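Chains as they are written, first to last, in my numbering: chain E, 112 to 475; chain F, 6 to 320.
Listed below in structure tokens is the structure:
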């Protein structure tokens with residue numbers, strides 16, 4: 112009988128993608144048991160929201176998924192709008208779609224590159240981060256912030272696009288697919304990367320559904336579920352786009368689905384830019400102190416990590432009675448023990464990376 | 006007197022290797038930056054060439070941290086046990102006609118055998134750190150380095166069979182240009198197994214930063230860490246120069262003093278290729294690495310050795 116070794120990975124570790132602790136029991140190189148310990152980044156955002164006005168909560172949602180702040184902004188704002196019955200102008204809806212698809216590209220770049228870095232291909236990381244940098248620059252031109260935007264507000268967006276911004280976005284959307292094709296060739300075409308990622312951490316479609324996985328994690332397993340199409344919101348019904356699906360449900364498929372989604376996002380942005388009309392970007396007469404009637408509302412959007420939902424309860428005061436975030440990263444992270452047990456220690460970090468957790472959203 | 010002389014030689018050798026490592030680190034930073042859409046060092050000196058001159062004092066003056074749980078004597082001296090054998094192996098490389106710093110009769114054997122001692126230093130450092138990640142890294146390193154000895158030695162052996170001697174200086178005297186095509190497959194095997202031998206990417210599994218943080222030297226800081234790095238670069242320099250000499254003709258490529266220049270240049274090109282591979286390829290997994298060694302590299306090396314033997318017998 113071999114002696115098992117308990118290795119503590121994290122919370123400060125290069126490939127836990129944030130502050131995650133994994134108590135791993137190893138038999139030689141083989142992972143026998145993993146226990147994911149979360150909560151290192153818990154800030155009590157849902158509780159803090161109860162003591163702030165509806166408008167003051169928006170910057171808090173920025174800090175949920177700090178890689179995809181636009182999504183959290185939007186999901187929250189949709190819940191508020193549903194609760195308070197606010198109608199959003201069309202131009203604002205288009206702008207929300209554009210910034211969220213840009214955000215999806217930025218977020219997926221933060222997953223595809225590190226998927227390479229997890230298997231040791233640090234060069235892929237630099238290439239995808241160069242693309243992400245361009246998106247972040249676009250956001251900086253748009254709203255002045257590079258990470259926590261506070262751009263989507265209840266009733267619309269905080270400001271209209273600056274001069275020349277649309278041309279910059281178009282230029283980016285033209286150059287991005289070829290950059291992705293290059294990454295696809297030198298990372299996903301590489302013989303070692305394929306050996307390291309194919310057949311590792313296979314997630315069966317039934318398991319993906321049963322465990323509540325969503326986003327690229329579920330689509331990597333071939334589960335065709337995308338809220339943009341299946342529970343269509345905003346102006347998505349007017350846009351034509353494909354939903355890339357994986358077939359094997361392994362780390363390779365999950366990472367590659369993200370790469371193709373980033374290319375599809377460019378298509379969506381280009382169509383949205385063609386369709387967008389001038390007009391107001393904020394609903395009229397939205398009060399500073401939004402005071403919805405007592406009631407509750409839930410709304411969800413397709414974030415970069417999956418179905419991101421916000422549940423709000425109002426008791427008729429200017430502050431939410433309760434906010435609850437349905438976090439896709441949290442649900443996806445629960446898969447780690449199931450996927451990793453039986454694989455080697457080296458595969459464990461690849462599997463964790465392929466689920467693309469962001470711990471701001473896991474711990475909230 | 007001869008003891009003093011030996012000391013002087015030793016200091017000179019360490020200085021040369023340290024200098025080579027400094028140039029190597031700067032060059033690697035430039036090469037990797039070029040591959041990765043970055044600029045690399047550029048502020049200190051022209052093209053950042055003095056960056057390492059600034060980095061070395063920084064490393065020297067850093068606090069020498071020894072973890073409380075570490076086995077102190079082993080922890081302290083393990084870096085030397087890694088570096089010294091690698092530095093020693095440089096001595097048998099033939100630099101010019103009839104001259105190697107240490108002209109040993111069994112020099113090629115010396116070159117293959119002595120750097121293997123550094124695996125002991127790696128195990129010392131891994132175990133003495135009293136850290137689970139280091140321990141895993143140390144065990145991985147031991148398995149990897151001992152395995153890759155086999156294809157590496159077999160590939161060098163194919164040249165030695167053609168030359169009929171173990172003495173590197175004599176190999177260079179006997180060298181003929183057609184050895185390059187005749188042992189080219191062996192050269193590829195030598196290059197790959199040398200990379201695995203010095204634990205560099207894509208075979209840097211013992212130090213795999215994404216899973217083991219830095220493996221066996223995760224707990225080292227300051228100058229002790231730098232000695233590990235010098236060991237890595239020393240190994241790279243030694244392997245590149247020895248490969249350039251044995252497989253590619255070394256200083257015999259050009260006549261006279263130009264030969265030494267050509268030798269160093271070919272060695273530098275090999276070093277650049279080793280860096281290029283590190284920054285281009287992902288890392289293998291431990292089991293894939295061992296499978297690659299025993300089922301692909303070793304059989305190829307044996308076939309190459311057999312072919313070299315047939316050629317040598319036929320001549």
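Don't be surprised by glycine CBs; every beta carbon is placed ideally from N, CA and C. Being a predicted model, the structure only gives us computed values, none of them experimental.
Answer yes or no: does any C-beta atom of chain E fall closer than 9 Å to that of residue 1 of chain F? Residue numbering for chain F in the displayed model covers 6 to 320; residue 1 of chain F lies beyond these limits and cannot be assessed.
Give me the residue from E/242, E/292 and E/258 with the minimum Cα distance to residue 282 of chain E. Taking the first chain and counting its residues from 1, the one referred to as residue 282 of chain E is at position 171. Residue E/242 is the option with its Cα nearest to residue 282 of chain E.
By Cβ distance, which residues of its chain are closer than 6 Å to residue 191 of chain F, with the 5 residues on each side in sequence left out? Locating residue 191 of chain F in the second chain gives position 186, where the first residue counts as 1. Closer than 6 Å at Cβ, skipping near neighbours: 160, 163 and 309.
Quick one: Cα of residue 432 of chain E to Cα of residue 424 of chain E, how far? Here residue 432 of chain E corresponds to residue number 321 of the first chain, with the count starting at 1. Here residue 424 of chain E corresponds to residue number 313 of the first chain, with the count starting at 1. Residue 432 of chain E and residue 424 of chain E: Cα-Cα distance of roughly 5 Å.
For residue 97 of chain F, collect the residues of the same chain with a Cβ closer than 7 Å to its Cβ; drop the 5 residues on either side in sequence, then sort them by chain order. Here the question's residue 97 of chain F lines up with position 92 in the second chain. Contacts found: 105, 107, 109, 112, 115, 116 and 173.
Report, in whole angstroms, the separation of the C-beta atoms of residue 298 of chain E and residue 373 of chain E, which I expect to be a contact under 8 Å. As a working note, residue 298 of chain E is residue 187 in the first chain. As a working note, residue 373 of chain E is residue 262 in the first chain. Not confirmed; about 13 Å, so no contact.
Candidates E/244, E/337 and E/341: closest to residue 355 of chain E by CA position: By 1-based counting over the first chain, the position of residue 355 of chain E is 244. It is E/337 whose Cα lies nearest to the Cα of residue 355 of chain E.
Is DSSP giving residue 198 of chain E helix, strand or coil here? Within the first chain, numbered from 1, the residue matching residue 198 of chain E stands at position 87. DSSP places residue 198 of chain E in coil when its eight states are reduced to three.
As an exercise, report each continuous alpha helix (DSSP H) stretch of at least 4 residues that is fully enclosed by the segment 215 to 268 of chain E, in chain order. 233 to 254
Could one say the Cβ of residue 137 of chain E lies closer than 9 Å to chain F's Cβ atoms, at least one of them? Translated into positions along the first chain, residue 137 of chain E becomes position 26. True, the Cβ-Cβ gap to chain F drops below 9 Å.
Short CB-CB distance (under 9 Å) between residue 438 of chain E and chain F: For the purposes of this step, residue 438 of chain E is taken as residue 327 along the first chain, with counting starting at 1. Closer than 9 Å to the CB of residue 438 of chain E there is not a single CB belonging to chain F.
What's the C-alpha gap between residue 11 of chain F and residue 90 of chain F? As a first step, residue 11 of chain F is located in the second chain; it is residue number 6 there, counting from the start. As a first step, residue 90 of chain F is located in the second chain; it is residue number 85 there, counting from the start. Residue 11 of chain F and residue 90 of chain F: Cα-Cα distance of roughly 16 Å.
DSSP three-state assignment for residue 104 of chain F, whether helix, strand or coil: Counting from 1 along the second chain, the entry for residue 104 of chain F is found at position 99. Three-state DSSP puts residue 104 of chain F in a strand.
Which residue or residues does DSSP assign as beta-bridge partners of residue 144 of chain E? Translated into the one-based positions of the first chain, residue 144 of chain E becomes position 33. Its beta-bridge partners are E/136.
Span of the beta strand (DSSP E) around residue 437 of chain E: In the first chain, counting from the first residue as 1, residue 437 of chain E sits at position 326. Run containing residue 437 of chain E: 431 to 437, per the beta strand (DSSP E) assignment.
Near residue 313 of chain E, which residues of its chain fall below 6 Å by C-beta distance, leaving aside the five closest residues on each side in sequence? Position 202 of the first chain, counted from the start, is the residue given in the question as residue 313 of chain E. Once the five neighbours on either side are set aside, the close Cβ partners of residue 313 of chain E are 360 and 361.
Give the residues from the segment 8 to 41 of chain F that approach chain E closer than 7 Å (Cβ to any Cβ), ordered along the chain. 40 and 41
Hey, does residue 238 of chain E have any beta-carbon neighbour from chain F nearer than 9 Å? As a first step, residue 238 of chain E must be located in the first chain, where it is residue number 127. Yes, residue 238 of chain E counts as interfacial toward chain F.
With a cut-off of 9 Å, does the C-beta of residue 291 of chain F fall near any C-beta of chain E? For this step, residue 291 of chain F is matched to residue 286 along the second chain. Yes, because at least one Cβ of chain E sits closer than 9 Å to the Cβ of residue 291 of chain F.
Same chain only: Cβ atoms within 8 Å of residue 29 of chain F, ignoring 5 sequence neighbours per side: Start at 1 with the first residue of the second chain, and residue 29 of chain F comes out as number 24. Excluding positions up to five away in sequence, the list reads 238, 241, 242 and 276.
With a CB to CB cut of under 7 Å and the five nearest residues on each side skipped, what residues in its chain are close to residue 435 of chain E? Reading the first chain from its first residue, position 324 is the one you call residue 435 of chain E. Same-chain partners within the cutoff: 157 and 422.
Could you work out which residues of chain F lie near residue 202 of chain E, taking near to mean beta carbons separated by less than 8 Å? Within the first chain, numbered from 1, the residue matching residue 202 of chain E stands at position 91. Under the 8 Å cutoff, chain F gives no residues; its nearest Cβ is about 36 Å from residue 202 of chain E.
For the alpha helix (DSSP H) containing residue 363 of chain E, name the first residue and the last one. Mapped onto the first chain, residue 363 of chain E falls at position 252. Where residue 363 of chain E is concerned, the enclosing alpha helix (DSSP H) stretches over 362 to 386.
Give, in chain order, every residue of the segment 317 to 332 of chain E whose Cβ lies closer than 9 Å to some Cβ of chain F. none
What span of residues does the alpha helix (DSSP H) with residue 359 of chain E cover, start to end? Locating residue 359 of chain E in the first chain gives position 248, where the first residue counts as 1. Element bounds for residue 359 of chain E: n/a, residue is neither H nor E.
Cα-Cα separation, residue 262 of chain E to residue 256 of chain E: Working through the first chain from its first residue, we reach residue 262 of chain E at position 151. Working through the first chain from its first residue, we reach residue 256 of chain E at position 145. Using only the alpha carbons, I get a separation of about 9 Å.
Tell me which same chain residues have a C-beta within less than 8 Å of the C-beta of residue 461 of chain E, skipping the five on either side of it? Locating residue 461 of chain E in the first chain gives position 350, counting from the first residue. Cβ within range, chain order: 226, 229, 230, 307, 308, 311, 312 and 362.
Measure the Cβ-Cβ separation of residue 410 of chain E and residue 163 of chain E and say whether it is below 9 Å. Counted from its first residue, the first chain places residue 410 of chain E at position 299. Counted from its first residue, the first chain places residue 163 of chain E at position 52. If you check the CB distance, residue 410 of chain E and residue 163 of chain E do not come in under 9 Å.
So, does the segment 11 to 26 of chain F touch the segment 221 to 240 of chain F, judging by three or more C-beta pairs under 8 Å? yes
Interface residues of chain E facing residue 206 of chain F [CB-CB closer than 7 Å]: Indexing the second chain from 1 puts residue 206 of chain F at position 201. Simply 231.
Under 8 Å by Cβ, that's how I've got residue 118 of chain E and residue 137 of chain F pegged, so tell me the actual separation to the nearest angstrom. Residue mapping note: residue 118 of chain E aligns to position 7 of the first chain, counting from 1. Residue mapping note: residue 137 of chain F aligns to position 132 of the second chain, counting from 1. That belief holds up - the Cβ atoms of residue 118 of chain E and residue 137 of chain F are roughly 5 Å apart, short of 8 Å.
Closer than 8 Å is the cut-off here; do at least three beta carbon pairs connect the segment 386 to 405 of chain E with the segment 194 to 213 of chain E? Yes: the two stretches touch, three or more of their Cβ pairs being nearer than 8 Å.
By the 7 Å beta-carbon criterion, what residues does the segment 258 to 287 of chain F contribute toward chain E? Residues passing the 7 Å Cβ filter: 284, 285, 286 and 287.
Stretch-stretch touch, CB-based, cutoff 8 Å, three pairs: the segment 132 to 146 of chain F with the segment 219 to 228 of chain F: Taking 8 Å as the limit for Cβ pairs, the verdict is that the segment 219 to 228 of chain F does touch the segment 132 to 146 of chain F.
Residue 460 of chain E versus chain F: which residues are under 7 Å apart at the beta carbon? As a working mapping, residue 460 of chain E is identified with position 349 in the first chain. Contact annotation for residue 460 of chain E against chain F: 215 and 216 [CB-CB distance below 7 Å, chain order].
Would you identify the three-state DSSP class for residue 410 of chain E, choosing helix, strand or coil? Position 299 of the first chain, counting from 1, holds the residue named residue 410 of chain E. Residue 410 of chain E falls in the strand class under three-state DSSP.
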